[in-house]
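A.B. asks:
Chains as they are written, first to last, in my numbering: chain A, 107 to 409; chain B, 23 to 297.
1) DSSP on residue 266 of chain A, reduced to helix/strand/coil?
2) Quick check on the DSSP output: the beta strand (DSSP E) that includes residue 175 of chain A runs from which residue to which?
3) If you compare alpha carbons, which of B:85, B:164, B:124 and B:203 is closest to residue 235 of chain B?
4) Looking at the structure shown, is residue 157 of chain A part of a helix, part of a strand, or coil, going by DSSP?
5) CA-CA distance, residue 384 of chain A and residue 281 of chain B?
6) Apply the 10 Å Cβ neighbour rule to residue 187 of chain A and answer buried if 16 or more other Cβ atoms are within range, or exposed otherwise.
7) What does the alpha-carbon distance come out to for the pair residue 51 of chain B and residue 29 of chain B?
8) Report the three-state DSSP secondary structure of residue 57 of chain B (helix, strand or coil).
9) If we define contact as Cβ-Cβ less than 8 Å, is residue 90 of chain B a contact residue for chain A?
10) Using the beta-carbon count (16 or more within 10 Å), is residue 23 of chain B buried or exposed?
11) Of all the CB atoms in chain A, is at least one closer than 8 Å to the CB of residue 254 of chain B?
12) So the candidates are A:338, A:323, A:388 and A:267; which of them puts its Cα closest to the Cα of residue 292 of chain A?
13) Would you kindly work out how many angstroms separate the C-alpha atoms of residue 227 of chain A and residue 231 of chain B, rounded to a whole number?
14) Classify residue 265 of chain B as buried or exposed, calling it buried when 16 or more other Cβ atoms lie within 10 Å of its own Cβ.
15) Looking at C-beta atoms only, is the number of pairs between the segment 203-216 of chain B and the segment 179-190 of chain B that lie closer than 8 Å three or more?
16) Check residue 362 of chain A in the structure and name its three-state DSSP category.
17) Taking residue 345 of chain A as the reference, which of A:358, A:220, A:215 and A:234 has the closest Cα?
18) If you measure from the beta carbon of residue 110 of chain A to each beta carbon in chain B, is any gap under 8 Å?
19) Between which two residues does the beta strand (DSSP E) harbouring residue 117 of chain A extend?
20) Under 7 Å from any heavy atom of the ligand ZN, does the C-beta of residue 171 of chain A make it?
21) On the DSSP bridge list, what partners appear for residue 165 of chain A?
22) So which residues on chain A does residue 264 of chain B lean against when the C-beta distance must stay under 7 Å?
23) How do the segment 146-164 of chain A and the segment 301-321 of chain A stand: do at least 3 beta-carbon pairs fall below 8 Å, yes or no?
24) Exposed or buried, what is residue 140 of chain B when buried is set at 16 or more other beta-carbons lying within 10 Å of its beta-carbon?
25) Using beta carbons (cut-off 8 Å, strictly below), is residue 58 of chain B in contact with chain A?
26) Specify whether the segment 353-370 of chain A and the segment 260-277 of chain B touch according to this definition: at least 3 beta carbon pairs, one from each stretch, less than 8 Å apart.
27) With the cut-off set at 8 Å, would you say residue 128 of chain A and residue 123 of chain B are in Cβ contact?
28) Would you list, in sequence order, the uninterrupted alpha helix (DSSP H) runs of no fewer than 4 residues that lie entirely inside the segment 146-175 of chain B?
29) For the segment 199-242 of chain A, which segments carrying the alpha helix (DSSP H) assignment without a break, of at least 4 residues, lie completely within its bounds, in sequence order?
30) Considering residue 386 of chain A, what are the terminal residues of the alpha helix (DSSP H) in which it resides?
31) According to DSSP, simplified to helix, strand and coil, what is residue 308 of chain A?
32) Whole alpha helix (DSSP H) runs in the segment 273-356 of chain A with 4 or more residues, listed along the chain?
33) Hey, residue 363 of chain A and residue 387 of chain A: beta-carbon distance below 8 Å or not?
34) Apart from the five residues on each side of it in sequence, which residues of its chain come closer than 7 Å, Cβ to Cβ, to residue 119 of chain B?
35) Under 8 Å, CB to CB, which of the residues in the segment 166-188 of chain B have a partner in chain A?
Written out as structure tokens, the structure is:
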């Protein structure tokens, strides 16, 4: 069927309608062009420049990249960021699946529990970081007091390079479980009960059902959660900035890539160098996202 | 119910409640500490309930940072970002979903490509633009780049696409122009999408940290995130004051969450299912 519009109109009307189209998309398109597309290009240009305190840029070719790849800082920050991702993403998703599965088993008070689990997801990361910093406090922190009950001696968690990143990662996991759980629970509730009924007739137990029905049927949601968790994990900043002070002995062993970017861009004023770091972050995230999209063909099942 | 099933039920509840306890404990500890005097907070062994419940810590927060102004900045910037995104993204989403114009496909792909790029890439040039406009340390500088969103446009476009064409064609035959169709017919139909966008954007605007940290330097121009950072710098060892600041920063979003629980959770759940 032809649309009412084209029946009524000739090319003059189509032109007028196209004008309406441009009118509707103009604010977003112009806004994104000015504040995102142009900055994207300028940032690439800056990464080949030295940008001084007065923001005058002079072209220096690949010097920023050369300096970046020859500094230990970059490799240290890359390692820290990868470790953070490795600590938070698998465990954060595993716990989210666990909680979602438990809530999905017709637990009474399901929606109240779901709300409580979701609380960290709505809370300001800066505030979360302050609270955890207090919990981890080496002298008066409640964590050390709690451990004392079991005869374990406390530590200065955020001030020791052996524990600081793990402590931050725990906060990362704590923050992400509820959010991921809500997405996974919605996915589980979308699985047709007929699969489970059929499996029960065949005599399958609860665990068999979980691994052979729930997990495969849930794989698109798991994939979504995996991608978003990876992307935000690689960009960890707020909690580290708030929890690890400049004087902390764990400062270097927790500096993430975005932290490295921020310090250079806005603390030290090395904007050209920082631009190169941001391009490096972009490439890493892009690579990991692409790898996931290729790998998903092996394990994600779409109906 | 068999014995085995009853035991597994009990285990289920124990695990779930333990998880809830771990999730909620930091909030409880935050609130309890905020009502203690700063001497009591560093007592060893610690007290659980405040021995002399006091609002002193809250008073100290207001003494150190211009908290009223900061709170107001957070509210105003969040409201402006939400309004801007709802207006501009709804318009653009309608244009991309419902009107044919040359270059539509290409422009839409360009809009989507913004979503692929981590936000750090834009920060330095955005900062320089705001500086050039003399908007550093102002409300305009805080909100300007966030008024336009590729995510919001994409989200609402999905909603517009799911509306049957007949709804619109009837209005066109009645001689309504595009703007009338948009405001009278289409916007009411995508209301659930707009609610989802409002919630996503409010959360983003309220909790945003790095941008306000970069843009604002005067305490009275800050939003809550950077102000908390200042607070923990000034009151290094005054833990009740730090926790009081955190409580004040968390409560407005918490109230919003309690009122709009269903929309908060369903919006996120929906995003996951649709991919």
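Positions of the beta carbon are idealized from the N, C-alpha and C atoms, including for glycine.
C.D. replies: Let's see:
1) coil
2) No beta strand (DSSP E) contains residue 175 of chain A, which is instead part of the alpha helix (DSSP H) from 169-176.
3) B:164
4) strand
5) 39 Å
6) Looking at its Cβ environment, which holds 16 or more other Cβ atoms inside 10 Å, residue 187 of chain A is buried.
7) The C-alpha of residue 29 of chain B is placed about 32 Å away from the C-alpha of residue 51 of chain B.
8) coil
9) False, the Cβ-Cβ gap to chain A never drops below 8 Å.
10) Reliability of the predicted coordinates at residue 23 of chain B is poor, the pLDDT of 49 falling under 50, and the value obtained from them is presented with this limitation in mind. Exposed, since its Cβ has fewer than 16 Cβ neighbours within 10 Å.
11) yes
12) A:323
13) 15 Å
14) buried
15) yes
16) Residue 362 of chain A: coil per DSSP, three-state reduction.
17) A:234
18) Residue confidence is low: residue 110 of chain A scores 49 on pLDDT, short of 50, so the model does not pin down where it sits. No coordinate-derived value is stated.
19) Run containing residue 117 of chain A: none in the beta strand (DSSP E); it sits in the alpha helix (DSSP H), 117-138.
20) With respect to the ligand ZN, the structure shown offers nothing to examine, as it has no ligands at all.
21) A:155
22) 236 and 240
23) no
24) buried
25) no
26) Contact annotation: the segment 353-370 of chain A does not touch the segment 260-277 of chain B, with fewer than three C-beta pairs closer than 8 Å.
27) yes
28) Here the runs fully enclosed are 161-165.
29) 216-228 and 231-242
30) 377-405
31) coil
32) 299-307, 312-315, 321-340 and 344-349
33) yes
34) 179, 182 and 183
35) 166, 167, 169, 170, 171, 172, 175 and 187
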